[in-house]
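**Student:** Residue numbers (this note's numbering): 7 to 454. Yeah, the Cβ is synthetic: ideal placement off N, Cα and C, and Gly gets one too.
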Amino acid sequence: MVQARLALIPALLISAATPGLAGDLAAGGTAASTVAQDDFQTRPYFFGDLGRSRLKELGIDISGGLVNETVGNLSGGTLQTGANAGQASIQALFDMEKLANITGGTFGITLVGRWGDNLAEVANIPALMLLNEVYGRGNIVRLVDFHYNQALFDGAVDIKVGRLAVGADFGFERCDFINLTFCGSVPGNIVGNYIFNWPVSQWGGVLKVHLTDDLTFSAAVYDENQTYLSVQAKWALLPSWPSGSEGALVPLELKWTPTLWNLSGTYKIGGWFDTATADNAVTSINGQPQLISGLPYAQDYGRYGFYVSVIQQLTGNAQGPNPKQGLWSFFNFTYADPRTSTTLYQVAWGLQQHGTFVGRPDDEIGFAIGTTGINPRLATAQTEANWLGLGPGYVQHNEYVLEAYYGFQATGWLNLKASLQYVIDPGGYSSPVNENAWVVGLRTTVAF
């Protein structure tokens, strides 16, 4: 029976390209009624069902999408210009209980192809955080996820192993804004030299223990290896395990997801420790600031940090027919190792209204403000080096970002988001030649 189910997978995947044939295979000739009910404006996928609903019933869940961000700076930098960047993704999840009678088993794979340019680089804006968050890690196709997940003890425990992105299981879960300050798991944003967010994956394992219905403890171990950042296909696209491991990254997190007074929330507190040896952020091997001595950096064992992340619904009804609607707020605070991190901390807060006007239940309005702080030790070293004529000529402190957007849900599969950013002291310093930046943007999201 298992072999018969597995043997059916290729035929189902091929037939899914034509809705009629897929429907005939999976639904015994009901495809005509499915197509008749498929409305181009309201359906969730641009290409329609394509037999996916029937594949999902059999244990194969396929999805794909495209995100494109077009941004331009009205001020700031040395050039007023624009940039475009985006990504296309495809994901497949296989329910191994339906396909192979493995209770609680799931296999997943996700591929992402990226393209485009970094506005900060094109316009010469020394921003600490990306002005178009979708850019990064090479204009190539990457294996973002390649994992097997096993639920144990009636779902009380989950064990996942494979090529994984750290931010998929730890940290802030949303990416509704275009500035990176408010997007994705923050540790990977401020110490991205060793914590890799989407679209980079690394070999690792994640343990999740569901202590209660709304309380989960997570722990993981990831291979610490710079080779995962490579743009070569054998490391970026294939599920290979490169040599040259530098240590292990070990994150921990406690997640609470209560529903109180019909309002839902997500509260996280977490931290991490990395066993690799790394450069000191400031000091050279002779004990002086490296900016002054010019000698190699001193080495420190282990890097660490912690974070707090909160998402809370303020209005609406989490138990009602439209649980996402209402006013939401989020708050993030992340602090990294002051010995080894030049970017020391990040704080962000925002509000989002889901459902805006009459007849626009799926539109959104969002506003956020945040700051990314430079290590004060580095600022002190820059000050001393500047006195001696050896420094950069400026002293870094904080970069501040404000962003507002309106998200227009044009169809069931198309979202258009207009954004306005204001970046104060890009790069964390003020200077007559470093003007604050106004940035306009449009994010287009399409579900295939």
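(1) Ignore the nearest five residues each way along the sequence and tell me which others in Tyr-341's own chain have a CB closer than 8 Å to its CB.
(2) Report the residue from Arg-345, Thr-281, Asn-338 whose alpha carbon sits nearest the alpha carbon of Ser-290.
(3) Taking the C-alpha atoms as reference points, what is the distance between Gln-232 and Ala-242?
(4) Cβ of Thr-187 within 7 Å of Cβ of Gly-447?
(5) Exposed or buried, which one is Pro-432 when buried takes at least 16 other CB atoms within 10 Å?
(6) Of the residues Leu-125, Val-73, Phe-279, which one's Cα is nearest the Cα of Ile-96?
(7) In terms of residue numbering, what span does the beta strand (DSSP E) encompassing Ala-304 cover?
(8) I'd like the span of the alpha helix (DSSP H) that includes Ser-249, first residue to last.
(9) For the alpha helix (DSSP H) that contains Ala-242, what are its first and last residues?
(10) Quickly, what does DSSP pair Glu-409 with across the bridge? List them, please.
(11) Three or more C-beta pairs closer than 8 Å, one from the region 119-127 and one from the region 136-153: is that the case here?
(12) Between Pro-193, Phe-46, Glu-252, Ala-94, which has its C-alpha nearest Asn-145's C-alpha?
(13) Can you have a look at Tyr-400 and say buried or exposed, based on whether 16 or more other CB atoms are within 10 angstroms of its CB?
(14) May I ask you to report which of helix, strand or coil DSSP gives Thr-346?
(15) Pick helix, strand or coil for Asn-268, following the three-state DSSP scheme.
(16) Would you say the region 280-290 touches the region 253-261, given that touching needs at least three Cβ pairs under 8 Å?
(17) Please classify Arg-449 as buried or exposed, where buried requires at least 16 neighbouring CB atoms within 10 angstroms.
(18) Mind reading off the beta-carbon distance from Val-77 to Gly-92? Whole number of angstroms is fine, and I expect it under 8 Å.
(19) With DSSP run on the structure shown, which of helix, strand or coil describes Ser-335?
(20) So, with DSSP's three-state summary, where would you put Arg-383?
(21) Name the residue from Ala-106, Gly-365, Gly-83, Val-118 whose alpha carbon lies nearest to the alpha carbon of Ala-129.
(22) If you draw a straight line from the alpha carbon of Leu-27 to that of Leu-56, how long is it in whole angstroms?
(23) Reducing DSSP to helix, strand and coil, say where Ala-174 ends up.
(24) To the nearest angstrom, how far is the alpha carbon of Glu-230 from that of Pro-205?
(25) Using the Cα positions of Gly-379 and Gly-277, report the straight-line distance between them to the nearest angstrom.
(26) Quick check on the DSSP output: the beta strand (DSSP E) that includes Gln-443 runs from which residue to which?
(27) State whether the region 169-178 contacts the region 196-204, with contact taken as three or more CB pairs (one from each stretch) at a distance under 8 Å.
(28) Just to check my reading of the structure: Val-429 and Ala-443 have Cβ atoms closer than 8 Å, yes? What is that Cβ distance to the nearest angstrom?
(29) Is there contact between the region 102-111 and the region 148-159, where contact requires at least three CB pairs shorter than 8 Å?
**Tutor:** Considering the structure as presented:
(1) Cβ neighbours of Tyr-341 beyond the five flanking positions: Gly-311, Phe-312, Tyr-313, Leu-350, Tyr-351.
(2) Arg-345
(3) Looking at the two C-alpha atoms, the distance is approximately 12 Å.
(4) Judged by their CB atoms, Thr-187 and Gly-447 are not nearer to each other than the 7 Å cut-off.
(5) buried
(6) Taking each of Leu-125, Val-73, Phe-279 in turn and checking the Cα distance to Ile-96, the smallest one comes out for Val-73.
(7) Its beta strand (DSSP E) spans residues 303-319.
(8) Secondary structure note for Ser-249: it is in no alpha helix (DSSP H), with a DSSP letter that is neither H nor E.
(9) 239-242
(10) Ala-374, Gln-427
(11) yes
(12) Ala-94
(13) buried
(14) coil
(15) coil
(16) yes
(17) With 16 or more other Cβ atoms within 10 Å, it is buried.
(18) Actually they are not in contact, since the Cβ atoms of Val-77 and Gly-92 sit about 11 Å apart, beyond 8 Å.
(19) strand
(20) Judged by DSSP in its simplified three-state form, Arg-383 adopts helix.
(21) Gly-83
(22) Summary for Leu-27: the model assigns pLDDT 31, below 50, so the residue's position carries little reliability, and this model does not support an answer.
(23) helix
(24) 16 Å
(25) Roughly 18 Å separates the two Cα atoms.
(26) Correcting the residue identity first, residue 443 is Ala in this sequence and not Gln. Counting along the chain, the beta strand (DSSP E) containing Ala-443 begins and ends at 443-453.
(27) yes
(28) 4 Å
(29) Taking 8 Å as the limit for Cβ pairs, the verdict is that the region 148-159 does touch the region 102-111.
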